[in-house]
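Asks: Just so we're aligned: the sequence shown equals residues 0 to 189 in numbering that gives the first Met the number 0. Glycine residues also receive a C-beta, built at the ideal position from the N, C-alpha and C atoms.
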Amino acid sequence: MLLFREKVPAEWLPKVLANLPAVLVDHAHLERKAATSALNLEKYRDLYSRVEELNAIAIEELQHFQLVLNLLKHRGIPFGQPYPSPWIAGLMKSVRHGVKQQAIDHLVACSLIEGRSCEKFQFLASELKTIDAELSTFYASLVESEGNHYATYLLMARSIDDAETDRRLDFYLDLDAKLIREPNPLPILH
Ligand SMILES: [Fe+2]
Ligand SMILES: [Fe+2]
Numbered sequence: 000m001l002l003f004r005e006k007v008p009a010e011w012l013p014k015v016l017a018n019l020p021a022v023l024v025d026h027a028h029l030e031r032k033a034a035t036s037a038l039n040l041e042k043y044r045d046l047y048s049r050v051e052e053l054n055a056i057a058i059e060e061l062q063h064f065q066l067v068l069n070l071l072k073h074r075g076i077p078f079g080q081p082y083p084s085p086w087i088a089g090l091m092k093s094v095r096h097g098v099k100q101q102a103i104d105h106l107v108a109c110s111l112i113e114g115r116s117c118e119k120f121q122f123l124a125s126e127l128k129t130i131d132a133e134l135s136t137f138y139a140s141l142v143e144s145e146g147n148h149y150a151t152y153l154l155m156a157r158s159i160d161d162a163e164t165d166r167r168l169d170f171y172l173d174l175d176a177k178l179i180r181e182p183n184p185l186p187i188l189h
């Protein structure tokens with residue numbers, strides 16, 4: 000179950016639907032960044048024992064990346080530069096330094112990014128049904144995987160320190176609620 004305290008703003012869906020080619024390019028980068036995030040988490044001492052699970056997530060994200068690239072190719076959309084996401088940057092900027100806390104912060108931030116992807120992919124799967132059946136099916140096929148990543152990262156943080164994870168989750172849910180309300184006209188998923 001997703002724990003978010005703020006709804007995705009009403010402007011998000013029409014913006015995405017009006018800019019699908021650019022959003023697909025952004026989505027490709029999102030999956031690429033999700034793969035590197037899973038690998039980056041392997042640097043933490045507290046996660047050395049989870050390295051194979053993290054590799055499995057990285058491989059899955061890389062497969063998602065390839066699937067989006069295939070869609071781009073079939074649709075004649077050129078792969079291009081990513082836009083920066085103020086929402087993702089805002090979450091990542093709040094990762095504190097200091098080994099244990101940093102791993103928990105990093106995991107919680109990644110968990111919320113996966114959770115918002117899961118939520119937004121669900122919206123897209125449903126909204127695109129009558130507009131673009133292929134894309135609707137594609138987004139529906141990613142929902143479970145991103146939801147699992149959300150839960151896995153949160154459980155990994157809890158396995159390091161349950162109480163600290165609760166404290167940081169509380170902080171990050173408030174931060175997400177604040178950042179997601181910021182207007183953003185860019186054709187990006189987050
Ligand atoms: Fe993914
Ligand atoms: Fe994911």
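Does the beta-carbon of Phe120 have 16 or more other beta-carbons within 10 angstroms, so that it is buried, or is it exposed?
Replies: Label assigned to Phe120: buried.
Asks: Is it buried or exposed for Asp169, if we count other Cβ within 10 angstroms and need 16 for buried?
Replies: Looking at its Cβ environment, which holds fewer than 16 other Cβ atoms inside 10 Å, Asp169 is exposed.
Asks: Does the beta carbon of His148 fall short of 6 Å from some heavy atom of ligand 2?
Replies: Correct: His148 has its Cβ closer than 6 Å to ligand 2.
Asks: What is the rounded straight-line gap between the Cα of Leu61 and the Cα of Lys42?
Replies: Approximately 19 Å between the Cα atoms of the pair.
Asks: Using CA coordinates, which residue listed in Asp131, Ala102, Ala55 and Gly114 is at the minimum distance from Ala150?
Replies: Ala150 has its Cα closest to that of Gly114, out of Asp131, Ala102, Ala55 and Gly114.
Asks: Would you mind sorting Val50 into buried or exposed? The rule is 16 or more other CB atoms within 10 Å of its CB.
Replies: When all chains shown are included, Val50 counts as exposed.
Asks: May I ask which residues mark the beginning and end of the alpha helix (DSSP H) holding Gly146?
Replies: Segment Ala132 to Ile159, the alpha helix (DSSP H) holding Gly146.
Asks: Once DSSP output is grouped into helix, strand and coil, what is the label at Gly75?
Replies: In the structure shown, Gly75 sits in coil (DSSP, three-state: anything other than H, G, I, E or B).
Asks: State yes or no: is the C-beta of Ala195 nearer than 6 Å to some heavy atom of ligand 1?
Replies: The displayed coordinates of the chain run from 0 to 189. Any statement about residue 195 would go beyond what the structure contains.
Asks: With a CB to CB cut of under 7 Å and the five nearest residues on each side skipped, what residues in its chain are close to His148?
Replies: So the list reads Ile56 and Glu113, once near-sequence residues are dropped.
Asks: For a quick check, are the C-beta atoms of Cys191 and Tyr82 less than 7 Å apart?
Replies: One cannot answer for residue 191 here, as it falls past the ends of the chain, which runs 0 to 189.
Asks: Give the straight-line distance between the Cα atoms of Ala193 and Gln101, rounded to the nearest whole angstrom.
Replies: Residue 193 is absent from the model: the chain starts at 0 and stops at 189.
Asks: Pop quiz: Cys117 and Val142 are said to be a contact at Cβ under 8 Å. What is the actual Cβ separation, rounded to whole angstroms?
Replies: Cys117 to Val142, Cβ: 6 Å. Contact.
Asks: What does the alpha-carbon distance come out to for the pair Pro202 and Leu23?
Replies: What is shown of the chain runs 0 to 189, which leaves residue 202 out entirely.
Asks: Could you give the DSSP three-state label for Arg31: helix, strand or coil?
Replies: If DSSP states are grouped into helix, strand and coil, Arg31 belongs with the helices.
Asks: Which of the three DSSP states, helix, strand or coil, is assigned to Tyr82?
Replies: Looking at Tyr82 - three-state DSSP - the assignment turns out to be coil, as it is neither helix nor strand.
Asks: Going straight from the alpha carbon of Phe137 to that of Leu123, what length do you get?
Replies: Taking the straight line joining both Cα atoms gives about 10 Å.
Asks: For Ala156 versus Val107, is the C-beta spacing smaller than 7 Å?
Replies: Taking 7 Å as the Cβ cut-off, Ala156 and Val107 qualify as a contacting pair.
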